[in-house]
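Student: Dropping the structure in here first, questions after.
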Amino acid sequence: MGDYQGTLQPGRGVDGSPYLAADPAQVYWGRLPARDDAPVLTVDPGAEVVVDTVSHEGLLPDQGSDPLAFFARHGVAPQDVLEDAVAIAASRSRAEGDGPHVVTGPIDVRGARPGDLLAITLLDATPRVPYGVISNRHGRGALPGEMPAGPDDVSVFTPIAPDSSGEWRGRLPLTEGGERSVSFPLAPFLGIMGVATDTPERAHSVPPGPHGGNIDIRHLTAGATLHIPVQVEGALAYVGDPHFAQGNGEVALTALEASLRVRIRLDVLDADAAAREFGALATPLAADATHLMPTGLDADLDEAMRACVRQAIALLGARYGMAPHLAYAYLSAATDFEISQVVDLVTGVHARIRRADFEEVR
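Residue numbering for the sequence shown follows my numbering, starting at 7 and increasing by one per position.
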C-alpha cells in the first residue's frame, strides 16, 4: 500500500496517468451502472487509471449527511475532510432503500464484449485521509437484534497512525474514552469492483453477484486481480467501497471504511482465452501471486459454500485437467474456504487454492 502522505484532496498529486475524480457527476450512490449508462472515461485494454474513491461513512443520514460536521465532532480539521465527500453529500441524493456505497465510474474498456473477462488489478492503494469509520446498524451485521445493544446505530471513528517501526495501523480504544487501545495492521482494498449489468435498471449496491459489485474479499489488496464476466459492450467498469482493513466475515456490518486513491489496470481476456484459463465463471474469480480464489455467492451461506466448491472444482478441471473427484479430494485436503462477508444480503465464500501446488503441472 502507499502510506498516508497527507490528505489527498481531488486532483492533488496526481501523476501522468489518466485520472478519474470522485466528482459528483462521475459517481453513483447506492446503485451500480447498467447497460444504458454513459461512460465517464474510455481507455484501451491494459490501461492504468488513477481513481479517487470516497467512503460513504460520514455521509449517511444516521450520521447527519454532513461530513464536515460529523468529522469535526471527532477532532478532524475542515481541511482534512475530503472536498469531494462534502460535494457528494451536498449535491447528490439516494432513493430510500438504495445502498450506501459511492462508486466511481463507469469506465469503457475498448473492445470488451459479453463473454470476455474483465480483469481489474489493484496496483496501488493510498489512504486519502488518516481516519476511517467502522459501523454497526440495527437489523444488520452478524448479530441483528443483539448488536447494537442500545437504541442508536454505532459509528466508531478510527484513526490510523504509524507505530514505532513506521507501519501504519488502525487504533481502537478498549473502552469508550479509555486511554488503552488496540492496534491492527492496514491492508487497503476495494470492496466494490464490477462491470455494468445487462439490465435497464441499475443494480442495488449492496448484494454482490455475477457482475462483481460489493464482493468484499479482503485479499484483493495491491497486486491482486478480480476477473469478472463482461455483460455489456465496453464492460463499463467501476470501483468503490474503499477499505483500510477488513476481517473475513466483516461481522459488524462494515470494516474500516475509509477513502482511497487507487491505481488500477484494466485488462480484457477474450472468451476463448478465458475459457482455457479459468473455465466458465458463474461468479467473479479473485487471484494474486500466490492463490486462485474462486467465489460462491448466495443469500444462504450454506449455498454460497456449495457454489464456491463447485466453482473451484470446475476451475481445477479447466485450468489443469483435474478430474472432478480428484479435485474434490484435493480441495478437502489442501484448500481453505473462507467467508468473505455475511452482511451484504448475498453472503460470500472464497477458496484459497495455492498456485505453487500446481507449478509442475503447467
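Idealized CB from N, CA, C, for every residue including glycine.
Note that the structure is a prediction, hence the values are computed from the model and not measured.
According to DSSP, simplified to helix, strand and coil, what is His331?
Tutor: helix
Student: Along the chain, which unbroken stretches of the beta strand (DSSP E) at least 3 residues long are found entirely within the region 199–265?
Tutor: 218–220, 231–235 and 243–251
Student: Do Ala357 and Val257 count as a contact pair if the criterion is CB distance below 8 Å?
Tutor: no
Student: Is it buried or exposed for Thr181, if we count other Cβ within 10 angstroms and need 16 for buried?
Tutor: exposed
Student: Within 10 angstroms of the Cβ of Arg360, are there 16 or more other Cβ atoms? Answer buried if so, exposed if not.
Tutor: Answer is exposed; the Cβ neighbour count stays below 16.
Student: If you compare alpha carbons, which of Val109, Val82 and Leu178 is closest to Ile140?
Tutor: Leu178
Student: Taking Phe284 and Met311 to be in contact with their CB atoms under 8 Å, please state how far apart those CB atoms are, rounded to whole angstroms.
Tutor: Between Met311 and Phe284 the Cβ distance is about 20 Å, and since that is not below 8 Å, they are no contact.
Student: Can you find the residues in the same chain that come closer than 6 Å, C-beta to C-beta, to Met199, ignoring five residues on each side of it along the sequence?
Tutor: So the list reads Ile126, Gly218, Leu232 and Val245, once near-sequence residues are dropped.
Student: Where does Pro133 sit, in a helix, a strand or coil, going by DSSP?
Tutor: strand
Student: Rank Phe163, Gly8 and Glu185 by C-alpha distance to the C-alpha of Arg79 and give the top, closest one.
Tutor: Phe163
Student: Mapping the DSSP letters down to three states, classify Glu63 as helix, strand or coil.
Tutor: For Glu63, the secondary structure class from DSSP, reduced to helix, strand or coil, is coil.
Student: Can you name, in chain order, every residue of its own chain whose Cβ lies under 6 Å from the Cβ of Asn142, other than the five neighbours on each side?
Tutor: Met153, Pro154, Val160, Ala258 and Leu259
Student: Could you check what DSSP says for Asp21 in three-state terms: helix, strand or coil?
Tutor: coil
Student: Please list the terminal residues of the continuous alpha helix (DSSP H) segment that includes Arg360.
Tutor: Here Arg360 belongs to no alpha helix (DSSP H); instead the beta strand (DSSP E) covers Thr353 to Arg360.
Student: Have a look at Gly354, Glu102, Glu365 and Val348 and flag the residue whose alpha-carbon is nearest the alpha-carbon of Arg146.
Tutor: Val348
Student: Short check: CB of Leu337 to CB of Val315, under 8 Å?
Tutor: yes
Student: State the DSSP-derived secondary structure class of Arg177, mapped to helix, strand or coil.
Tutor: strand
Student: Do you know offhand how far Asp247's Cα is from Ser99's?
Tutor: 17 Å
Student: DSSP on Pro30, reduced to helix/strand/coil?
Tutor: helix
Student: Which residues mark the beginning and the end of the alpha helix (DSSP H) in which Glu283 is found?
Tutor: Ala277 to Phe284
Student: Who are the near neighbours of Val57 in its chain, counting only those whose CB is closer than 7 Å to its CB and skipping five residues on each side?
Tutor: Leu26, Thr110, Val245, Val268 and Ile270
Student: Measuring CB atoms only, is the region 118–132 touching the region 188–196, in the sense that at least three cross pairs come out at less than 8 Å?
Tutor: yes
Student: Which first and last residues belong to the alpha helix (DSSP H) in which Ser97 is found?
Tutor: Glu89 to Ser97
Student: Could you have a look at Met311 and say whether DSSP puts it in helix, strand or coil?
Tutor: helix
Student: Mind the definition here: the region 329–336 touches the region 270–280 only if three or more C-beta pairs lie below 8 Å; say whether that holds.
Tutor: no
Student: If you count every other CB in all the chains shown that lies within 10 Å of the CB of Thr296, and 16 or more means buried, which is it?
Tutor: exposed
Student: Confirm, please, whether the CB-CB distance from Gly176 to Phe250 is below 8 Å.
Tutor: For Phe250 and Gly176, yes; Cβs fall inside 8 Å.
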